[in-house]
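FYI, in mature numbering (1 follows the signal peptide of the UniProt record, and there is no 0) the residues of the sequence shown are -21 to -1, 1 to 346.
Glycine included, every Cβ here is placed at the ideal spot set by N, Cα and C.
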Amino acid sequence: MRLNILTAVGIALLCQVPAFAWSNKEHMQFARIAAERLIADAKTPPAMKEWLRKGLGKPMDIAAEKQWFMNERIGLFVRTTDPLPYWATMPDMMVMGDNPSKKVEPWGAHERLMHFVDVEFFMADSARRIYKHDLSNKPTVADFPDNPKDYRWERAGFLPFRVRECYQKLVESIKAGKMTDAPGQYPRDEHAIKWAGYLAHYAADNTQPQHATEDYKSSRYFTDGRKSPNVHAEMEYRMCDDDQDDYADLRAEFWPLFEKALAEGKDPVETKDLFRATIEVSLISYDALPMIGRAAMAAAKQGGTPEKPEGPAGEFDTRVFFRSKGTFQGREMTVMEMKAIQTAWAVKRIERLWLAAWDEAHARKPD
């Protein structure tokens, strides 16, 4: 059994398409903070608050969340017995543990394809289905067919369909009264806490800019893309849960930006159509890719321009990467601030989807 698991982990880590988005540590915290915010909100139905409390074990306040973020180590294999944070990491665990030939039905694709949507594949001109620094190969919402049988989804990823599926499963579980794992309730792992965790995971993946592009490692910003730094990993877990360097200074800089984004940020998506909403989130997040690419070039001392990198890349400096500035959402900011905005948005998307599912299951009109 140990050999099989390690083999599967190796296959997942070597795979040439993106699977992981934010780190396990962040997925746990996004789900927990979303639940804590709903529990603290006077408008949240009391029964929903009670259900969320059961999923958390012991809710924290924001000061405790900061200390957890600053000091807790989670790593590749999740360390928690709290149901909701556990289920919020399970999709990535399935990427690592599932046989590469195993398919997620009804999509007929491996779990790793559930976590992203590479938007360039929906350009009408097949020659333009690659990332460009000037974002000229960015499609529009209307270019995405709500039809999983369209052949392009097999390469682009099924994230919009998976988000909608998990939302529907959550609604069904709430309607059926299957709120959490319970003796005598079968299947034991079919309940609302599970689907809330899954939905939280995929909704958060949706806000990672590199989960919206075929250039998910930002390798086109380097002379030799095959040997380029893993910018995907830098963007995700390096700062908050790395096993080689603590980066406590970066976390201390990040947390106030994250709290500010939680307090002030708005979800710009207006549609309630989950397929369209997921596409909109991806396209908005996509606009952060140029600043990520430029910052990666600076961090690795890559010569040339984004359109034409020249010469070898050097050792990647994570601190330079996160402190580099670029333009996003019409203003200059650091990569760290952009990440704070995107991760706070993930929390708000999770809250919104959970509450919508609860309201739909109870035929309750939103406030």
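- In this structure the region 267 to 282 does not touch the region 236 to 247; the number of beta carbon pairs closer than 8 Å is below three.
- Apart from sequence neighbours up to five positions away, the residues of its chain that approach D228 with a beta-carbon distance below 8 Å are R298, ordered along the chain.
- For the pair Q189 and T60, the Cα-to-Cα distance works out to about 30 Å.
- DSSP places R310 in the strand class (E or B) of the three-state scheme.
- One thing to note: A323 has its Cβ no nearer than 8 Å to the Cβ of G176.
- DSSP, reduced to helix, strand and coil, places G34 within a helical segment of the structure shown.
- Judged by beta-carbon spacing, K28 lies beyond the 8 Å limit of L35, meaning their Cβ atoms are not closer than that value.
- Excluding residues up to 5 positions away in sequence, A10, A67 and I329 lie with their Cβ nearer than 6 Å to the Cβ of A179 in the same chain.
- A distance of 8 Å or more separates the beta carbons of E193 and F123.
- Here E289 carries a strand assignment [DSSP, helix/strand/coil].
- In this structure, the beta-carbon distance from V98 to L262 falls below 8 Å.
- Of the other Cβ atoms in all chains shown, fewer than 16 fall within 10 Å of the Cβ of E286; this residue is therefore exposed.
- Restricting attention to alpha helix (DSSP H) runs no shorter than 4 residues, the region 52 to 94 encloses them at 62 to 76, ordered along the chain.
- Only residues of its own chain outside the window of five on either side were considered, and among them T313 and M315 have a CB closer than 7 Å to the CB of R302, listed in chain order.
- By the Cβ-count criterion, E294 is exposed, with fewer than 16 other Cβ atoms from all chains shown falling within 10 Å of its own Cβ.
- Counting along the chain, the unbroken alpha helix (DSSP H) around L268 starts and ends at L268 to A278.
- For H6, the enclosing alpha helix (DSSP H) has its first and last residue at N3 to A19.
- Three or more beta-carbon pairs drawn from the region 165 to 174 and the region 134 to 149 are found closer than 8 Å, and the two stretches are therefore classed as touching.
- D224 sits away from G54, with the two beta carbons spaced by 8 Å or more.
- Under the three-state reduction of DSSP, K304 is assigned to strand.
- Counted as a single uninterrupted DSSP element, the alpha helix (DSSP H) harbouring A182 occupies residues A171 to D184.
- Assigned with DSSP and collapsed to three states, G156 falls in coil, not helix or strand.
- Nearest to A342 by C-alpha distance, out of M49, K154 and E133, is K154.
- Counting the other CB atoms within 10 Å of its CB gives T257 a total of 16 or more, which places it among the buried residues.
- In the DSSP assignment, P235 falls within the unbroken alpha helix (DSSP H) covering A227 to E243.
- With a cut-off of 8 Å on Cβ pairs, the region 130 to 140 is in contact with the region 77 to 97, counting three or more such pairs.
- Contact between W30 and M158 holds: their C-beta atoms lie close to 5 Å from each other, under 8 Å.
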